Amino acid sequence: MQATKKEYTAKESYRNIGKASSYDEIRYKGIHGRLKNWTKKRAIGKGLLFIGPIESILDLPCGTGRFYSFLCKKGYNVFGADISHEMMMVSKNKNRPYLNHHGYVQCDAENIPFRDSSIDCILSIRFMFHLPLDVREKVLSEMHRITGRWVIVDFRHSTFKTFIRKVGAFLGLGREKKRSTLREIRQELAAFGFKVHKAIQVVPVFSEKVVFVCEKVVSNG
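Residue numbers for the sequence shown follow the numbering used here, beginning at 323 and rising by one.
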């Protein structure tokens, strides 16, 4: 089920130095956290390999810099953007050694302060499926405006795991999490001017997470 405006509190909740400082340790520590990082980076790497040579990447939202060193080591000119100054400062401190790190911009993803078609590729991970539909529509429109060609974005889709959660919720053993189908996600991306070239399962069969490699479609009209 999509979050309502009232439930969508992320714009405020991550503007907290305590939460920003402890974010990585809480979410990505231990074997499970490292495995999540590895599988997601592997999927993103496949997407980047597909799109071929590019120069600039905007990591939006960049958070605490989960993908910064990964992208910089591949030689891209990396920019970060996030609504949380506190999260970006954690990222900055972690990624000082990388010379191809081009800095940060604090902004709302609904209003990105970049020129039209000014970035080769936008990377947006663990973001879209948290957004209420009306917010996601604005964000996708902004991404279409500023990317020169490519967007790599992840969604969570309906799988057997979704069905198990539904059964568990019916039995009072958990909360149901409604997911869109792959077809519905493709249709939504197409509605905002993106052609999906690849849908990369982060962990085939077992994971709801899919990384989509999308190309910007420009209307001749």
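No residue lacks a Cβ here, since even glycine has one placed at the ideal position from N, Cα and C. Note that the coordinates shown come from a computational prediction; the quantities given were computed from them, not determined experimentally.
Asked	Found
At least three beta-carbon pairs within less than 8 Å, the region 510-529 to the region 396-410	no
Cβ-Cβ distance between V525 and D476 below 7 Å	no
I366: first and last residue of the uninterrupted alpha helix (DSSP H) it sits in	G352 to I373
Start-to-end residues for the alpha helix (DSSP H) that takes in V461	L455 to I468
Check whether L380 and I447 have beta carbons under 7 Å apart	no
Coil, strand or helix - V412 by DSSP	helix
Endpoints, alpha helix (DSSP H) assigned at L504	L504 to A513
Proximity to G387 [Cα-Cα], best of I348, G402 and S440	G402
Alpha-carbon spacing of K395 relative to G367, whole angstroms	12 Å
As assigned by DSSP and simplified to three states, the class of D346	helix
Residues near M410 by beta carbon distance below 7 Å, same chain, minus five either side	C384, G402, D404, Y426 and Q428
Through-space distance from N359 to E334, alpha-carbon basis	25 Å
C-alpha gap between K328 and I353, whole angstroms	In this prediction, K328 has a pLDDT of 44, which is less than 50 and means its spatial position is unreliable; what the coordinates show is noted afterwards. Cα to Cα, the separation comes out at about 35 Å.
Alpha helix (DSSP H) segment containing K538, residue limits	Looking at the DSSP string, K538 is not in any alpha helix (DSSP H); the run it does join, the beta strand (DSSP E), is K531 to K538.
C-alpha distance - W472 paired with N417, whole-angstrom precision	24 Å
V412 and A342 closer than 7 Å at C-beta	yes
Short Cβ contact (7 Å threshold) for I376 with D442	yes
Distance between beta carbons of G369 and V535, contact taken as under 8 Å	4 Å
Residue closest to A431, alpha-carbon to alpha-carbon, out of S463, I348 and I339	S463
Rounded distance between the beta-carbons of R478 and D438, thought under 8 Å	That belief does not hold up - the Cβ atoms of D438 and R478 are roughly 30 Å apart, past 8 Å.
Residue range of the unbroken beta strand (DSSP E) whose run includes C443	I441 to S446
F516 - containing beta strand (DSSP E), residue span	F516 to Q523
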